[in-house]
Amino acid sequence: MPRRTGPRARAAGVRPDPYRVWLSEIMLQQTTVAAVKSYFTAFTERWPTVTAPASARDEDVMAAWAGLGYYARARNLLKCARVVAGDYGGQFPQDHATLLTLPGVGRYTAAAVAAIAFDDPQVVVDGNVERVMARLHDEHTPLPQAKPLLTDYAAALTPPTRPGDYAQAVMDLGATICTPKRPACGLCPRRAPCAAWAAGTMAELPKKAPKKRKPTRHGIAYLARRVDGAWLLERRPDKGLLGGMLGWPGSDWGEDPAEAPPIRAEWRALGEEARHTFTHFHLRLTVKTALVPMERAPDRGDFIEAPDFSPADLPTVMRKAFDLAQGALEQAALGWSA
DNA sequence: TAGACGTGGGG
DNA sequence: TCCCCAAGTCT
Numbered sequence: 044m045p046r047r048t049g050p051r052a053r054a055a056g057v058r059p060d061p062y063r064v065w066l067s068e069i070m071l072q073q074t075t076v077a078a079v080k081s082y083f084t085a086f087t088e089r090w091p092t093v094t095a096p097a098s099a100r101d102e103d104v105m106a107a108w109a110g111l112g113y114y115a116r117a118r119n120l121l122k123c124a125r126v127v128a129g130d131y132g133g134q135f136p137q138d139h140a141t142l143l144t145l146p147g148v149g150r151y152t153a154a155a156v157a158a159i160a161f162d163d164p165q166v167v168v169d170g171n172v173e174r175v176m177a178r179l180h181d182e183h184t185p186l187p188q189a190k191p192l193l194t195d196y197a198a199a200l201t202p203p204t205r206p207g208d209y210a211q212a213v214m215d216l217g218a219t220i221c222t223p224k225r226p227a228c229g230l231c232p233r234r235a236p237c238a239a240w241a242a243g244t245m246a247e248l249p250k251k252a253p254k255k256r257k258p259t260r261h262g263i264a265y266l267a268r269r270v271d272g273a274w275l276l277e278r279r280p281d282k283g284l285l286g287g288m289l290g291w292p293g294s295d296w297g298e299d300p301a302e303a304p305p306i307r308a309e310w311r312a313l314g315e316e317a318r319h320t321f322t323h324f325h326l327r328l329t330v331k332t333a334l335v336p337m338e339r340a341p342d343r344g345d346f347i348e349a350p351d352f353s354p355a356d357l358p359t360v361m362r363k364a365f366d367l368a369q370g371a372l373e374q375a376a377l378g379w380s381a
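The opening residue of the first sequence carries number 44 in the working numbering; numbering runs sequentially from there.
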């Protein structure tokens, strides 16, 4: 993965594979290197070139993305791979403006791919770069208002040569030394010209608009296990939260959700709720389980045979519900509860 | 354009 | 146990 191996891992002048650069930048959006690493390895081993995910089944790619979050990235990854495979002969466009037209590729990613994969000196501005620029210039204007100014600062520093190495270097600096909290200024190669260091304000920059509190929503998830071990699951619609992902059929998520069992059964609620926090709300999920006979047909969802089901294919909130149910089953089997 | 959109780790 | 935070894009 380019960002982790770093510029020094490559011989000067050798351009990294645009597909791998694009894939890693998509995965790294709002996500740490540590979280991305195993996913990047799994993706590139299974789908080594952009034509591979382009011809993959949606469900396989969504399952491989499960747990990484922001699932619109995976849906757009599929769209983008198919555009590149279909409209560009399997070769990523090199032009920044054309990159920007690809699904899931915004200003940051287009600039990063152009700079890192194609040696084009585009101005790469992510959260790390914003922080580094705010500190170098002791800029106290809060984000996102300060973004244009910080981009100007970044542009003034972007070199005409080796822009990819430069971009990765600044982002690495932000990730490892010029960190959000307790920056390691003693190790910083740009301490001398840093205005925030001179002013002693580095730890409070960049300023940001205050965050809003998250409301708590409630919901019910229904985990039906057929006597042969199959599980009742449902593919979520492409739009919206967890779009395109597999999940347990459930109620709406809100103040006081109504029952919405997907199949007739004797439902029993677990003693403990599954708790999960999304970007903009907390969720407390009541988990209900039932054992259903072979011949009974569900009103919603489809039974997936036990060998075809892996909880790793589920988004985290759904996997938490599964883990709770499993734990309850094991406790019951061991006679720990009635 | 502000809000929607995940998750895991640190305090 | 929470609360807060972090490597964007789309609508």
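Glycine residues also receive a C-beta, built at the ideal position from the N, C-alpha and C atoms.
Just so it is clear, the structure is predicted and the values come from calculations on it, not from any experiment.
Spell out the partners DSSP gives residue i in its beta bridges.
i, result
"F346", "L275"
"L334", "R268"
"L326", "R260 and H319"
"K254", "None; K254 has no bridge partner."
Just how far apart, CA to CA, sit residue i and residue j?
i, j, result
"A273", "V335", "10 Å"
"R339", "R311", "18 Å"
"H325", "P258", "6 Å"
"A106", "A85", "12 Å"
"D101", "H183", "45 Å"
"D351", "A239", "55 Å"
"W65", "P164", "16 Å"
"D162", "D208", "9 Å"
"I220", "G283", "36 Å"
"L35", "W90", "Outside the shown range of the chain (44 to 381) lies residue 35, about which nothing can therefore be said."
"D169", "R268", "45 Å"
"K363", "A199", "47 Å"
"D181", "A157", "29 Å"
"Q369", "G290", "16 Å"
"L71", "G149", "13 Å"
"P59", "A153", "15 Å"
"C237", "R327", "45 Å"
"R116", "E309", "38 Å"
"Y213", "T141", "According to the sequence provided, residue 213 is Val. The question's Tyr does not apply to it. Using only the alpha carbons, I get a separation of about 25 Å."
"D345", "E277", "6 Å"
"L285", "E302", "21 Å"
Any idea if residue i is buried or exposed, counting beta-carbon neighbours within 10 angstroms, 16 or more meaning buried?
i, result
"Y196", "buried"
"V175", "buried"
"L78", "One detail in the question is off: residue 78 reads as Ala in this sequence, not Leu. With fewer than 16 Cβ atoms within 10 Å of its Cβ, A78 is classed as exposed."
"D138", "exposed"
"H323", "exposed"
"P203", "exposed"
"T329", "buried"
"A376", "exposed"
"V93", "buried"
"L230", "exposed"
"D281", "exposed"
"R294", "It should be noted that the sequence gives Ser, not Arg, for residue 294. When all chains shown are included, S294 counts as buried."
"E373", "exposed"
"R408", "Residue 408 lies beyond the stretch modelled for the chain, which goes from 44 to 381, so this question has no answer here."
"V270", "exposed"
"G287", "buried"
"E88", "exposed"
Any idea what DSSP makes of residue i, helix, strand or coil?
i, result
"K224", "coil"
"M44", "Because M44 carries a pLDDT of 49, less than 50, the predicted location of this residue cannot be relied on, and no value is offered for it."
"L186", "strand"
"R51", "With a pLDDT of 30 at R51, under the threshold of 50, the predicted position of this residue should be treated as unreliable, though the coordinate-derived value follows. Of the three classes helix, strand and coil, the one that applies to R51 here is helix, per DSSP."
"R234", "coil"
"R178", "helix"
"Y62", "helix"
"L367", "helix"
"F382", "Here the chain has residues from 44 to 381 only, and residue 382 is not among them."
"A218", "helix"
"G112", "coil"
"A340", "coil"
"V57", "coil"
"Q211", "helix"
"A107", "helix"
"T204", "coil"
"S67", "helix"
"S353", "coil"
"V93", "coil"
"P98", "In the sequence under discussion, the amino acid at residue 98 is Ser, which differs from the Pro named in the question. DSSP places S98 in coil when its eight states are reduced to three."
Contained beta strand (DSSP E) runs [length at least 3] in the segment 270-324, N- to C-terminal order: 274-278 and 317-320
- prompt: What are the uninterrupted segments assigned as alpha helix (DSSP H) that are 4 or more residues long and contained completely in the segment 130-175, given in chain order?
  reply: 139-142 and 150-161
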